[in-house]
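Novice: I have a structure I would like to understand better, so I am pasting it below and will then ask my questions one at a time.
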Amino acid sequence: SQQGEEDPQALSIQEGENATMNCSYKTSINNLQWYRQNSGRGLVHLILIRSNEREKHSGRLRVTLDTSKKSSSLLITASRAADTASYFCATDRAAGNKLTFGGGTRVLVKP
Amino acid sequence: EAQVTQNPRYLITVTGKKLTVTCSQNMNHEYMSWYRQDPGLGLRQIYYSMNVEVTDKGDVPEGYKVSRKEKRNFPLILESPSPNQTSLYFCASGYRGGGELFFGEGSRLTVL
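Residue numbers (our numbering), protein chains in the order written: chain A, 263 to 373; chain B, -2 to 109.
Rendered as structure tokens:
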């Protein structure tokens, strides 16, 4: 079963614009993670936010977490063509690495 | 270089012909896991292992077997592959206490 659901499913923006995607989940979590996948390649970890955190930054990435709404958002600022990829949220319910992934958001950044 | 290595990367096989996809990590991680990725379904966990000789079913274990005889290796075994096991498979590893997972590059399997 999919714990996380990303929205939108696909996003097309111009280089330099910001990209925002959302993730909703159903049950309480220990942490939520975001991963990036370039076409057909392995997933790469971007950022982890714990259930007691509300916002986290890493370079051009900003993640927020609202546990009352069971939702998270990933913002990529000043996007680049190299940011073209699929982005997945994953929830860890029991601090045991048993991550459950959402369906992903496909992001296309046009030069 | 820290990495998770899967082999083969691509495989075309026929129904019923046993196959093994190997996975090896060099980061001394206790936790290892297998996922399959299918269009529209995201990543679904097949099996995971919290340590040597400790394995457990994920969300879609039917038709698969795993073993964890050594810490670094976690092979995925398809005893009698069927066409519905055509998919992109990923192995991942991480520390047992949670945190980020490190993924292999994927193994694209086609069962005819």
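The beta-carbon is built from N, C-alpha and C at its ideal position, and this holds for glycine as well.
Within the segment 271 to 339 of chain A, note down every full beta strand (DSSP E) run reaching 3 residues or more, in order along the chain.
Specialist: 272 to 276, 281 to 286, 293 to 299, 305 to 312, 317 to 320, 323 to 328, 333 to 338
Novice: Between Q295/A and chain C, is any beta-carbon pair separated by less than 8 Å?
Specialist: Note that chain C does not occur in the displayed structure, where the protein chains are A and B.
Novice: Going by C-alpha distance, which of A340/A, K332/A, A347/A is nearest N293/A?
Specialist: Mapped onto the first sequence, residue 293/A falls at position 31. For the residues A340/A, K332/A, A347/A, the minimum Cα distance to N293/A belongs to K332/A.
Novice: Tell me the rounded alpha-carbon separation between T17/B and S84/B.
Specialist: On the second sequence, residue 17/B is found 20 positions in, with the first residue counted as 1. On the second sequence, residue 84/B is found 87 positions in, with the first residue counted as 1. Just so you know, the alpha carbons of T17/B and S84/B end up roughly 14 Å apart.
Novice: Residues of chain B with CB under 8 Å from R303/A, in chain order?
Specialist: Numbered from 1 along the first sequence, position 41 holds the residue referred to as residue 303/A. Residues of chain B passing the Cβ test: E102, G103.
Novice: Here's the rule: buried if 16 or more other CB atoms are within 10 angstroms of the residue's CB, otherwise exposed. What is H26/B?
Specialist: Walking along the second sequence from the start, residue 26/B turns up at place 29. Under this definition H26/B is a buried residue.
Novice: Expressed to the nearest angstrom, what Euclidean distance is found between the alpha-carbon atoms of N314/A and E76/B?
Specialist: As a working mapping, residue 314/A is identified with position 52 in the first sequence. As a working mapping, residue 76/B is identified with position 79 in the second sequence. Rounded to the nearest angstrom, the two C-alpha atoms are 44 Å apart.
Novice: Is there a C-beta anywhere in chain A that falls below 8 Å from the one on L106/B?
Specialist: To locate residue 106/B, count along the second sequence from 1; it is residue 109. It does not; no Cβ of chain A falls within 8 Å.
Novice: Would K360/A be called buried (16 or more neighbouring beta carbons within 10 Å of its own) or exposed?
Specialist: Sequence index remark: in the first sequence, residue 360/A carries index 98 (1-based). Label assigned to K360/A: buried.
Novice: Pairing CB atoms from the segment 0 to 16 of chain B with CB atoms from the segment 82 to 101 of chain B, are three or more of them under 8 Å?
Specialist: Yes, they touch.
Novice: My assumption, with CB atoms under 8 Å, is that R355/A sits in contact with I291/A. Please give the rounded CB distance.
Specialist: What you label residue 355/A is simply residue 93 of the first sequence in a count that begins at 1. What you label residue 291/A is simply residue 29 of the first sequence in a count that begins at 1. R355/A to I291/A, Cβ: 6 Å. Contact.
Novice: Give the interface partners of H307/A over in chain B, defined as CB-CB distance under 7 Å, in chain order.
Specialist: By one-based count along the first sequence, residue 307/A stands at place 45. Near H307/A (Cβ distances below 7 Å), the residues of chain B are E97, L98.
Novice: Using a C-beta to C-beta distance shorter than 8 Å, which residues of chain A count as neighbours of G60/B?
Specialist: Locating residue 60/B in the second sequence gives position 63, where the first residue counts as 1. Residues of chain A passing the Cβ test: none, with the nearest at roughly 18 Å.
Novice: Using DSSP with H/G/I as helix, E/B as strand and the rest coil, what is N25/B?
Specialist: By one-based count along the second sequence, residue 25/B stands at place 28. Three-state result, N25/B: coil.
Novice: Out of K372/A, C351/A, V371/A, state which residue places its alpha-carbon closest to the alpha-carbon of E268/A.
Specialist: The residue you call residue 268/A lines up with position 6 of the first sequence. Here the closest residue by C-alpha is C351/A.
Novice: Tell me which same chain residues have a C-beta within less than 6 Å of the C-beta of I9/B, skipping the five on either side of it?
Specialist: The residue given as residue 9/B occupies position 12 in the second sequence. Correct list, in chain order: T107.
Novice: Among D328/A, N300/A, Q276/A, which residue has its Cα nearest to the Cα of T339/A?
Specialist: Residue 339/A sits at position 77 when you count from the first residue of the first sequence. Nearest of D328/A, N300/A, Q276/A to T339/A, Cα basis: Q276/A.
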